[in-house]
Each structure stands twice: as structure tokens, then as C-alpha cells.
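Read the structure below first, then the notes.
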Amino acid sequence: MSKNKQTIDDKMQRLQELADWFEAVSAPQLEEAQRRYEEASLLAQEIQDELAAMQQRVTIHTPTNKATVPIEEEEDQ
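Encoded structure:
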């Protein structure tokens, strides 16, 4: 799957794999650790960016009852 077609779930799964590697390896090779850290950092930023974009697209519609419940004005007595 190309990187452009990855879903947030795909990216989160890969990020978890990278995090698991750091926890499982007792003495990681510096070059490999740096490469995996950079990939994890990039994935985390992409996930954050996609979630922020989704948040901006969300619109909450609150129903109003103005049309169904008429409000009568009180008359001065």
C-alpha cells in the first residue's frame, strides 16, 4: 500500500509496531533506532494532521424547536 493511501488505522498500527520494537530490543543499533524513530515521528505527525483536518470538517447540528413550539407573548394587563 502506498504511503498516500494509508488510513489513520494503518498508520497507528505501524506506529505501534515501531514502538513495540523499541520496547523489545534491549540494545538497539543506533542507525536502526534513529531510522525507526524518524519514521515513528513522521507517522505521529501525519496522524495528528489528519485528525485535525477531520475535526475541522465536523459540524454539529443542534435541532431547534422554534417551528414546532410557538411561543406566545404575554399581554400587559
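Just so you know, we're using the working numbering here: the sequence shown kicks off at 1421 and counts up by one. Beta carbons: idealized from backbone N, C-alpha and C, even for Gly.
- The C-alpha of Q1476 is placed about 35 Å away from the C-alpha of E1443.
- A check of alpha carbon separations from A1453 across W1441, L1435 and Q1436 identifies W1441 as the nearest.
- Sequence-distant Cβ neighbours of L1438 in its own chain, meaning closer than 7 Å and more than five residues away, are R1456, E1459 and A1460.
- For the 8 Å CB-CB criterion, L1435 and L1471 do not form a contact.
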